[in-house]
Amino acid sequence: MLFALIIAIAAVVIIGTSAYVLLRDRRDDLVVDAPADDTALDDVAVEDVAVDDVVVDGPRPSFRERLATARSALGGYLGAVFSSGRISSETWDDLEEALIRADVGVTTATSIIDAVREKVAEDGIEETAELPELIKAEIVDRLAGFDRDLSVDVVAAGGEPGPAVWLFVGVNGVGKTTTIGKLAAREKADGRSLVLAAGDTFRAAAAEQLTMWAERSEVDIVRGAEGADPSSVIFDAVERAGARRADIVMADTAGRLQTKTNLMEELSKVRRVAEKGVGTVTETLLVIDATTGQNGMSQATQFADAVDVTGVILTKLDGSAKGGIVIAIHSELGLPVKLVGLGEGINDLVDFDATEFVDALFE
Ligand SMILES: Nc1nc2c(ncn2[C@@H]2O[C@H](COP(=O)(O)OP(=O)(O)OP(=O)(O)O)[C@@H](O)[C@H]2O)c(=O)[nH]1
Ligand SMILES: [Mg+2]
């Protein structure tokens with residue numbers, strides 16, 4: 007009897023323990039499979055946009071390779087000067103003319119020549135063959151000391167934590183939309199999360215064009231109806247970026263002539279509204295077509311008056327004979343060229359590098 011009781015108790019203990027272990031294992035399995043909580047799931051969804059998926063067409067082009075047109079134009083003006091032998095008063099006139107033809111601008115060209123002339127006198131230099139290095143050094147010097155970073159530091163820009171807004175402005179056809187497309191791919195590849203704002207509501211095709219770039223780089227885009235207020239589209243994009251905790255909003259705007267006052271005023275409004283919510287405008291980037299030369303300079307002056315331009319993006323430098331505009335933008339406007347467009351492809355947007363640029367121009 008006692009024996010039977012001991013057997014029964016042992017059976018209950020063994021069955022009970024096995025059942026407990028089985029149940030615990032199943033519960034552990036369930037816990038592993040289930041998401042920890044909703045926030046984690048959301049985070050996964052946002053971060054999940056694979057950085058490696060960005061289309062990359064190949065290596066970035068070099069200044070040397072793409073500045074052939076500007077180089078041969080400048081070489082054509084300067085070749086004879088540099089090979090003429092001894093420095094004479096004519097040398098200085100020819101040099102000045104060459105720089106002006108390359109769109110360096112009259113004031114800047116004169117001041118470069120004066121500085122080089124002084125150096126030549128100081129060092130007792132007599133041969134024209136020594137001039138290229140002196141001119142290059144003088145130009146590099148004038149391009150030094152500018153901050154070329156694209157800022158995402160909203161606190162430094164006087165804002166609260168939230169997305170940084172980069173506005174792209176400029177006249178028609180200079181390459182604003184294309185530049186945003188290229189830059190979006192680049193920023194995404196660098197691990198930043200973005201929302202594009204199709205603030206060019208003037209033409210339906212403009213939003214289509216930006217959407218194609220957004221799809222190509224798999225980044226988020228906010229569009230409005232044709233004719234909608236660009237400010238409200240950009241405002242919505244900032245709200246979306248805030249909700250998704252995105253780092254940057256890149257806002258496209260319609261091309262406009264710098265002489266149209268009402269359109270220039272619209273830009274000030276766009277900027278104001280972009281900061282009404284959680285966003286802070288950290289960059290207002292003026293896009294200039296390098297083939298327009300000195301005309302680009304007068305655009306820049308008027309855009310800089312209307313909105314607080316933080317930097318220039320110089321496009322189409324690949325086809326331009328007027329590389330000198332880079333120097334004029336720095337010297338005469340005090341604005342840094344932050345990025346340069348060297349072609350139409352997704353990879354053809356590069357950081358501006360003064361030494362590389364000057365070497366490529368004078369080689
Ligand atoms: N060669 C070359 N072409 C470029 C470059 N950047 C832009 N383009 C071309 O310039 C043309 C105009 O570019 P968009 O980006 O549409 O110019 P946009 O400023 O947005 O024009 P609007 O919206 O009409 O004001 C397109 O054919 C681009 O492919 C560049 O760096 N080099
Ligand atoms: Mg456009």
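Okay, so the sequence shown: first residue is 7 according to the working numbering, each after it adds one. The beta-carbon is built from N, C-alpha and C at its ideal position, and this holds for glycine as well.
Can you grab the Cα-Cα spacing for the pair residue i / residue j, in whole Å?
| i | j | result |
| --- | --- | --- |
| S223 | T97 | 51 Å |
| A220 | I227 | 6 Å |
| R70 | I119 | 25 Å |
| D100 | L80 | 12 Å |
| A111 | R123 | The sequence shown places Gly at residue 111, not Ala. Their backbone Cα atoms lie some 18 Å apart in a straight line. |
| D359 | S337 | 16 Å |
| L105 | A121 | 14 Å |
| D324 | E272 | 32 Å |
| D109 | T75 | 14 Å |
| L339 | G179 | 22 Å |
| E166 | K142 | 43 Å |
| V225 | R72 | 29 Å |
| D235 | T207 | 7 Å |
| I294 | V177 | 8 Å |
| R66 | A310 | 30 Å |
| S274 | Y83 | 42 Å |
| E102 | L320 | 24 Å |
| T307 | F368 | 28 Å |
| L263 | L348 | 24 Å |
| K266 | Q305 | 11 Å |
| S94 | R192 | 49 Å |
Determine whether the beta carbon atoms of residue i and residue j lie at a separation below 9 Å.
| i | j | result |
| --- | --- | --- |
| V255 | A170 | yes |
| V175 | A247 | no |
| R250 | S199 | yes |
| V364 | D357 | no |
| R77 | A296 | no |
| D258 | I333 | no |
| I131 | L137 | yes |
| V276 | S237 | yes |
| V315 | D253 | no |
| T183 | L216 | yes |
| L140 | V160 | no |
| G261 | E289 | no |
| R148 | T114 | yes |
| L189 | L355 | yes |
| A327 | M270 | no |
| K344 | G181 | no |
Between residue i and ligand 2, is the CB less than 8 Å from at least one heavy atom?
| i | result |
| --- | --- |
| D155 | no |
| Q264 | no |
| G261 | yes |
| T207 | no |
| T183 | yes |
| A212 | yes |
| Q215 | yes |
Cβ-heavy atom distance between residue i and ligand 1 below 8 Å?
| i | result |
| --- | --- |
| E350 | yes |
| N353 | no |
| V293 | yes |
| N178 | yes |
| G325 | yes |
| G317 | no |
| D359 | no |
| G347 | yes |
| F196 | Per the sequence shown, residue 196 should be read as Asp rather than Phe. False, no ligand heavy atom lies under 8 Å from that Cβ. |
| D258 | yes |
Taking 6 Å as the limit between beta carbons, can you name the residues of its chain near residue i, skipping five residues before and five after?
| i | result |
| --- | --- |
| D229 | First, the residue type needs correcting, since residue 229 is Arg and not Asp in the sequence shown. Correct list, in chain order: A204 and A213. |
| F241 | V279 |
| R209 | none |
| M303 | A334 |
| P342 | F152, R154 and G317 |
Measuring only from the beta carbon, is residue i closer than 8 Å to any heavy atom that is part of ligand 4?
| i | result |
| --- | --- |
| K322 | For ligand 4, the structure offers nothing, since it holds only ligand 1 and ligand 2. |
With a CB to CB cut of under 7 Å and the five nearest residues on each side skipped, what residues in its chain are close to residue i?
| i | result |
| --- | --- |
| E362 | F69 |
| V244 | P169, V171, V255, A280, G283, V284 and G285 |
| A162 | none |
| V87 | T97, D100, L101, A104 and T134 |
| A150 | A360 |
Suppose the cutoff is 8 Å on Cβ atoms and the five residues either side in sequence are ignored; what does the same chain contact list for residue i look like?
| i | result |
| --- | --- |
| S89 | T134 and A135 |
| G164 | T286 |
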